[in-house]
Amino acid sequence: MLLISAGFMFLVYPQSTTGATDQQIKDRRFLARWIGATLIVMSCIFLTLGTVQLLDQSSHYIGH
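Under the working numbering, residues 1 to 64 are what the sequence shown spells out, in order.
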């Protein structure tokens, strides 16, 4: 949950425009959105792999 919330914080990154050019602002927005999306996707993959691992362990005990 911590990684997902951090990802959402990057997606709604506060837009500070103090002393920055338009290109720098666009670069910051792109980087922040990329980091946020990556954190969310990575967290979903970890949750999926954890669920598959738990299912694998429980099915292993049933067969023996």
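Where is the CB? At the ideal position from N, CA and C, for every residue including glycine.
Everything numeric in this text was worked out from a predicted model, so none of it was measured.
DSSP, reduced to helix, strand and coil, places V12 outside both helices and strands of the structure shown, so it counts as coil. The C-beta distance from L3 to L55 rounds to 22 Å, too long to fall under 8 Å, and the pair is not in contact. Ranking R28, T48, I35 and S58 by CA distance to the CA of G7 puts I35 first. In the three-state reduction of the DSSP assignment, T18 falls in the coil class. DSSP places M42 in the helix class (H, G or I) of the three-state scheme.
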